[in-house]
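Trainee: Before we start, here is the structure in question, set down as structure tokens.
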Amino acid sequence: MTPLIRAEAAPAPQVSARLTGWKTLDSLQQGVREGVLGPDPRGLRVSTAFATSQAVRHDGRGSGYRNEVLSLRLGAAVGSCAAEPGALPAGAVEEAVGADVATLLGHPLQVVRIAALDAYLMHIAPHTPEHGARPVALPAGSSLEKSRARARAVVELLDGCGLPPGGRVLVVGVVNSLLEELRSRGLRYLPCDLKGGETEWGEPVETDALAALGRCDAVLASGMTLGNGTFEPLRARAAADGRPLVLFAQTGSAVLPRFLGAGVHAVCAEPYPFFWLDGGPGTIHHYADRHGAAR
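Anchor point for the sequence shown: position 15 equals 15 in full-length UniProt numbering, and the numbering is continuous, going up by one each time.
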């Protein structure tokens, strides 16, 4: 194997107390560059970079989907960002290895910038109770069983949103197990995804989340909104309208909790390795706005 750039070990972080309440992604990235949250990112280098490509079609389901995720390792932390399948350039992984976090935060590709930001924030504030996280165990099982278990854990965070009986949830980033779980709880939903199309049950999928938001009582959105640039307008609009925003995050699992108290109600954070990688037990993490949903 041809050696790449030699990486330096990441020093132990000194964590700033200013972890939540960030109002924009740009201001959070700038805060990291300036060392407001922890160590100077110019002195932290990525030791490992890898891309995970996955296709799935659960037993009993009529359709499947694909995932492609860029992950960067910084010390013991792994930061991740999903990309559209086939959109990640072949050289992105090699370019990231040995690069410092500050350089990667200025990378021309959004997926690289988010993965680097996620790795930095995971490094300084891992998913522990000291940083506001509550662990939720996922049992071992088949891909469908684990998908449904995760869906229950995600939808549970809507319990503190004050939804009326039969309320409607805008689901941004269609995951059939989430729709199934919402239905089982007597909640209506409006599925939305940039790809459009139909759900497993033949329901039309909206493509414009901002246009659909006014017809719903709360928003349940994927962390993939960080990678495709739709998170910020969605967060701002939900905050302006006073609609609870709950996020389920493999992409940016350490990034999205930073927006609690600034338009984000709760986060179900799922760092790498994700539930779909193996059949064993796993752990995801719940975060909630201290003035919002119950922990």
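Ideal Cβ placement from N, Cα and C applies to all residues, glycine included.
Computed from a predicted structure; not experimentally measured.
Run through DSSP, which three-state label would V205 get?
Mentor: Position 205 of the sequence shown holds residue 205. Three-state result, V205: coil.
Trainee: Work out the CA separation of V264 and R235 for me, nearest whole Å.
Mentor: Stepping through the sequence shown from its first residue, residue 235 is reached at position 235. Stepping through the sequence shown from its first residue, residue 264 is reached at position 264. Taking the straight line joining both Cα atoms gives about 7 angstroms.
Trainee: Enumerate in chain order the residues of its own chain whose CB-to-CB distance from P229 is below 7 angstroms, with the five nearest sequence positions on each side excluded.
Mentor: One-based indexing of the sequence shown puts residue 229 at position 229. Sequence check: residue 229 is Gly here, not Pro. Correct list, in chain order: Q110.
Trainee: Pick from S53, A99, G75, R168: whose alpha carbon is nearest that of C81?
Mentor: Looking up residue 81 in the sequence shown gives position 81. Nearest option by C-alpha distance: S53.
Trainee: Count the other C-beta atoms from every protein chain shown that fall within 10 angstroms of the C-beta of D40, then say buried if there are 16 or more, exposed otherwise.
Mentor: In the sequence shown, residue 40 corresponds to position 40, counting from 1. Within a 10 Å sphere around the beta-carbon of D40 sit fewer than 16 other beta-carbons, which makes this residue exposed.
Trainee: Can you list the alpha helix (DSSP H) stretches of 4 or more residues lying completely in the UniProt domain "Putative heavy-metal chelation" (162-251), in chain order?
Mentor: Those alpha helix (DSSP H) runs which fall completely within the UniProt domain "Putative heavy-metal chelation" (162-251) and span 4+ residues are 176-184, 209-213, 224-228, 231-241.
Trainee: Taking only runs of the beta strand (DSSP E) that begin and end inside the segment 82-141, which ones reach a length of at least 3 residues, in chain order?
Mentor: 134-138
Trainee: Apart from the five residues on each side of it in sequence, which residues of its chain come closer than 7 angstroms, Cβ to Cβ, to E198?
Mentor: By one-based count along the sequence shown, residue 198 stands at place 198. Same-chain partners within the cutoff: P204, V205.
Trainee: Which residues share a DSSP beta bridge with T20?
Mentor: The residue labelled residue 20 in the question sits at position 20 within the sequence shown. T20 is not bridged to any residue.
Trainee: Would you identify the three-state DSSP class for E68, choosing helix, strand or coil?
Mentor: Along the sequence shown, read from residue 1 onward, the residue named residue 68 stands at position 68. Strand.
Trainee: Put H286 into one of helix, strand or coil per three-state DSSP.
Mentor: Here residue 286 corresponds to residue number 286 of the sequence shown, with the count starting at 1. The answer is strand: DSSP assigns H286 an E or B state.
Trainee: For D278, which three-state DSSP category applies?
Mentor: To locate residue 278, count along the sequence shown from 1; it is residue 278. Correct three-state label for D278: coil.
Trainee: Taking the beta carbon of P129 as the centre, do at least 16 other beta carbons fall within 10 Å, making it buried, or is it exposed?
Mentor: If you number the sequence shown from 1, residue 129 lands on position 129. Burial call: exposed.
Trainee: State the Cα-Cα distance for the pair K146 and F275, rounded to the nearest angstrom.
Mentor: Along the sequence shown, read from residue 1 onward, the residue named residue 146 stands at position 146. Along the sequence shown, read from residue 1 onward, the residue named residue 275 stands at position 275. In this structure, the straight-line span from the alpha carbon of K146 to that of F275 is close to 7 angstroms.
Trainee: Let's see if you can read the secondary structure: which residues bound the beta strand (DSSP E) around V267?
Mentor: By one-based count along the sequence shown, residue 267 stands at place 267. From DSSP, the beta strand (DSSP E) with V267 extends over 266-269.
Trainee: Closest to K195 by CA distance: which of D289, T103, T225 is it?
Mentor: Mapped onto the sequence shown, residue 195 falls at position 195. Minimum Cα distance to K195 is reached at T225.
Trainee: Is it buried or exposed for Q30, if we count other Cβ within 10 angstroms and need 16 for buried?
Mentor: On the sequence shown, position 30 is the one that residue 30 refers to. Result: exposed.
Trainee: Please work out which residues of its chain come closer than 6 angstroms, Cβ to Cβ, to P244, disregarding the five sequence neighbours upstream and downstream, and give them in chain order.
Mentor: Taking the sequence shown and counting its residues from 1, one reaches residue 244 at position 244. Excluding positions up to five away in sequence, the list reads C161, A218, H265.
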